[in-house]
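Worksheet: the structure to be examined is printed underneath.
In this note's numbering, the protein residues as written are 17 to 867.
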């Protein structure tokens with residue numbers, strides 16, 4: 017309602033601004049569907065109802081002052097803050113937020129907003145609705161933007177008794193790749209790699225505001241006494257905020273005489289071999305020095321992924337030095353006039369390799385290249401939050417790559433997930449030459465009837481990381497994840513625009529979802545998909561978190577009018593949920609109602625299935641052993657399927673090293689149905705794996721039907737045949753297959769390569785195991801199968817962080833019913849009991865939100 021109200025109030029003011037519009041006019045408006053900002057960047061967070069303020073230099077968005085306005089998971093209660101800020105001609109927002117008064121006041125009352133125009137200046141102001149300290153003071157925030165000015169002025173006024181005791185500081189959220197420093201009289205946060213710099217200049221006093229970095233993410237911007245104005249009933253401080261592309265750009269525009277300096281575009285070309293189009297140098301380093309000022313140390317400027325750098329410079333003569341790994345550097349002198357201009361430079365003597373990755377049939381396929389230096393330091397193409405070229409990895413969604421490298425010896429591992437063989441090449445890169453590689457990654461693992469899935473990963477819209485979402489999709493596709501819902505924290509988002517931009521919509525099935533993240537942690541994290549998305553609305557139209565996990569998960573279940581969806585319990589403390597709410601070691605009611613609404617539960621790490629947890633139990637406050645406790649829950653009658661996911665937050669080998677195989681009626685990602693994926697998840701037709709592909713099929717004489725994981729099987733004579741196959745590509749192997757009956761390792765059903773070499777395939781074979789277990793039961797039981805490569809790793813293909821783990825796969829249980837009257841759980845507590853509560857009567861898992 018308040019949005020409609022302000023849309024009715026603002027047109028009169030905005031009409032005055034717009035009627036006088038020119039190339040230099042300043043403007044302020046409410047954002048609504050017919051009027052959306054054109055701000056780009058991976059930290060863009062505006063929604064309808066926020067405000068856009070802009071002039072010919074810059075654009076910024078201001079969060080609507082309402083209690084429910086959160087930007088993302090970690091930027092919360094953000095009313096009256098600047099969320100997006102960028103130079104217009106090089107739009108590249110990387111700012112999480114600038115928050116005046118550093119969240120010490122709540123700005124939750126839109127009726128106090130005042131907007132208007134004063135001469136050539138537009139303004140927006142808002143009064144606080146509450147002091148968090150409840151000290152009787154009031155804060156007013158005012159933003160002013162003038163025609164032709166490269167900065168916005170933010171002013172904070174504190175009034176009331178005790179106002180003079182308030183410390184003058186604001187807060188800046190500029191995460192991960194930002195560095196903080198002081199440049200002349202400005203406090204600066206700069207992100208050289210992503211080409212974003214912001215300068216903060218106090219409007220009074222000669223010194224710069226100072227940074228306080230005590231908190232990991234929240235950097236305080238502090239103002240000295242000389243920068244604070246004393247009022248009769250309070251205090252006031254003001255700061256000019258300059259968005260820029262780099263320190264060099266910032267230094268230009270802070271000088272009044274250069275305020276209107278034109279934007280310069282520098283394009284770095286390349287002599288690299290390309291089949292068609294113009295080659296350019298991604299992420300080249302530029303150093304620009306004004307002639308006559310050679311004694312000044314030039315700042316570093318990076319080109320983007322298209323070889324372009326932008327900055328404002330006054331007319332004059334400049335020396336530009338351009339360099340990049342794999343090229344001979346060059347220095348040129350250019351003369352710039354007083355008009356916007358484009359300067360093209362070319363780097364020569366390309367050094368590196370080109371590769372085309374194909375499957376066994378000659379078809380180009382997405383591929384990942386992991387590049388190691390044999391005789392030096394591994395290449396570092398960019399931070400783990402970027403795209404395409406990420407640290408020492410290259411993602412090539414179309415199978416072709418051109419990689420610039422310094423001369424030297426390299427070992428490169430090409431891969432496309434665990435259904436495909438990898439290919440390793442060791443070669444020398446000679447200066448000025450290109451190594452041509454034809455890479456063959458045959459599809460050797462037969463997964464007919466099953467598709468690989470990743471149900472939990474994140475990127476920058478989540479707010480707890482800064483990863484490029486485009487890069488997350490590249491990571492997923494190149495690792496051959498065939499179904500991956502988008503599950504950002506606190507926001508329904510989508511991968512579809514990225515797949516469309518890459519031209520590979522049919523390569524991966526996806527849908528919109530989200531992770532609803534509340535407290536207490538880690539209990540109150542639930543992923544859910546599919547959800548109906550409403551772009552540019554709070555949470556993307558998704559549910560809000562709740563401090564009560566049982567309320568939160570039921571809210572999710574009922575969302576979208578109770579539509580069927582997967583509700584996944586993320587990295588849970590099942591001990592706490594089942595019956596130790598306050599984690600004090602004393603049994604209580606826990607949060608057990610959550611289990612009624614849970615469709616699947618994350619149970620990683622998988623290797624704990626082989627650990628003797630009962631012999632060495634963890635401290636009760638640290639009792640997070642999900643897989644072991646999941647088997648406990650199954651024994652207590654909760655039929656909740658297990659899944660594993662990466663929870664990837666960064667793009668360097670982030671997704672892919674854990675996955676689930678879901679049963680599927682199609683093996684073609686373009687034909688995968690989200691509805692079917694939901695049904696298969698709920699049915700538990702799931703194999704969990706760090707790479708090995710395993711099939712489990714059980715049969716008995718009682719029924720003429722095979723049972724797969726998640727199914728029930730009648731075996732009236734107690735005899736069950738469990739047939740297990742394990743397949744691996746050439747970079748994975750296993751040496752043990754073990755059955756678990758009611759969560760306990762069955763000693764008589766443990767096969768190892770050492771003890772049973774005839775049952776395991778050769779090192780160069782795809783089929784690592786293909787054999788049956790004859791199981792005899794005297795009561796109803798559930799059977800889980802696990803395989804592992806003990807003493808083995810996946811390091812070269814999956815990198816040092818995740819690749820050191822053993823290859824392993826674990827099935828969901830098959831439930832064996834001996835009398836045909838339904839499966840009876842056995843209450844076996846595996847030697848390490850879950851906390852007992854008064855209510856010890858459980859029922860098989862149901863889906864109360866299904867209709």
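Cβ atoms here follow ideal geometry from the backbone N, Cα and C, with glycine treated the same way.
Simplified DSSP assignment, three categories, for residue i
| i | result |
| --- | --- |
| residue 557 | helix |
| residue 518 | helix |
| residue 492 | helix |
| residue 444 | strand |
| residue 467 | strand |
| residue 610 | helix |
| residue 167 | coil |
| residue 851 | coil |
| residue 105 | helix |
| residue 591 | helix |
| residue 724 | coil |
| residue 355 | coil |
| residue 411 | strand |
Residue i classed as buried or exposed, judged by whether at least 16 other C-beta atoms fall within 10 angstroms
| i | result |
| --- | --- |
| residue 216 | buried |
| residue 607 | buried |
| residue 582 | buried |
| residue 37 | Model confidence at residue 37 stands at a pLDDT of 36, short of 50, so the residue's coordinates are unreliable; what they give is reported in the following sentence. Counting Cβ neighbours within 10 Å, residue 37 comes out exposed, since fewer than 16 surround it. |
| residue 181 | exposed |
| residue 127 | exposed |
| residue 850 | buried |
| residue 678 | buried |
| residue 496 | buried |
| residue 655 | buried |
| residue 312 | exposed |
| residue 716 | buried |
| residue 322 | exposed |
| residue 805 | buried |
Proximity below 8 Å, CB of residue i to CB of residue j
| i | j | result |
| --- | --- | --- |
| residue 812 | residue 429 | yes |
| residue 504 | residue 531 | yes |
| residue 714 | residue 738 | yes |
| residue 331 | residue 354 | yes |
| residue 105 | residue 70 | no |
| residue 214 | residue 262 | no |
| residue 325 | residue 361 | no |
| residue 418 | residue 288 | yes |
| residue 250 | residue 171 | no |
| residue 694 | residue 580 | yes |
| residue 725 | residue 757 | no |
| residue 512 | residue 593 | no |
| residue 113 | residue 142 | no |
| residue 154 | residue 176 | yes |
| residue 643 | residue 824 | no |
| residue 370 | residue 457 | no |
Whole-angstrom distance between residue j and residue i, CA atom to CA atom
| i | j | result |
| --- | --- | --- |
| residue 546 | residue 692 | 11 Å |
| residue 671 | residue 619 | 17 Å |
| residue 527 | residue 683 | 17 Å |
| residue 747 | residue 830 | 29 Å |
| residue 802 | residue 557 | 40 Å |
| residue 65 | residue 47 | 5 Å |
| residue 788 | residue 798 | 17 Å |
| residue 203 | residue 221 | 13 Å |
| residue 150 | residue 56 | 38 Å |
| residue 675 | residue 598 | 32 Å |
| residue 120 | residue 145 | 11 Å |
For residue j and residue i, believed in contact at Cβ under 8 Å, the rounded distance
| i | j | result |
| --- | --- | --- |
| residue 664 | residue 474 | 7 Å |
| residue 553 | residue 541 | Contact doesn't hold; Cβ gap of about 22 Å is too wide. |
| residue 123 | residue 81 | 4 Å |
| residue 100 | residue 76 | 6 Å |
| residue 808 | residue 720 | Contact doesn't hold; Cβ gap of about 39 Å is too wide. |
| residue 363 | residue 344 | 7 Å |
| residue 285 | residue 296 | 6 Å |
Closer than 7 Å: residue i CB and nearest the ligand ADP heavy atom
| i | result |
| --- | --- |
| residue 85 | No copy of the ligand ADP appears in this structure; indeed no ligand is present at all. |
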